[in-house]
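Written out below as structure tokens is the structure these notes cover.
In this note's numbering, the protein residues as written are 368 to 480.
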């Protein structure tokens, strides 16, 4: 397993995800979204793994970009807008190769053995 956790150091769900893997002695790489974010290929891989931009966005966020995304009809335009404004992505993003989850999802991580 090659686990990468994209999140923020102050995010409660990011800390829970890191604790989940630490408790099971599964090595992981923690990546600060504010500092590094997702590269283009990583973004595309996560987008494909989670099933589209609608599952990737934190719709409860008060960020004005989220309001704009609600009215953008073109799928490609929404994906580009999310890539440019990665602060609207629901955290943590946990990757294991081509598999990925958004948010705290231990029931899915259990199946990654």
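For each residue, glycine too, the CB sits at the ideal point set by N, CA and C. Bear in mind the structure is a predicted one, so any value in this text is a computation, not a measurement.
CA-to-CA distance, residue j to residue i, given in whole angstroms
i	j	result
residue 405	residue 466	15 Å
residue 398	residue 423	17 Å
residue 387	residue 473	8 Å
residue 471	residue 374	11 Å
Reduced DSSP category for residue i - H, G, I as helix; E, B as strand; rest coil
i	result
residue 370	strand
residue 436	helix
Neighbourhood of residue i by C-beta distance below 7 Å, restricted to the same chain and skipping five residues each side
i	result
residue 453	400, 404 and 405
residue 445	420, 436 and 439
residue 416	465, 466 and 467
residue 432	448, 452 and 455
Member of the options whose CA lies at the smallest distance from the CA of residue i
i	options	result
residue 459	389, 439 and 377	377
residue 419	468, 479 and 394	468
residue 480	385, 373, 391 and 380	391
residue 448	407, 477, 475 and 417	407
Residue i - partner residues in DSSP beta bridges
i	result
residue 395	370
residue 475	DSSP lists no partner for residue 475.
residue 466	463
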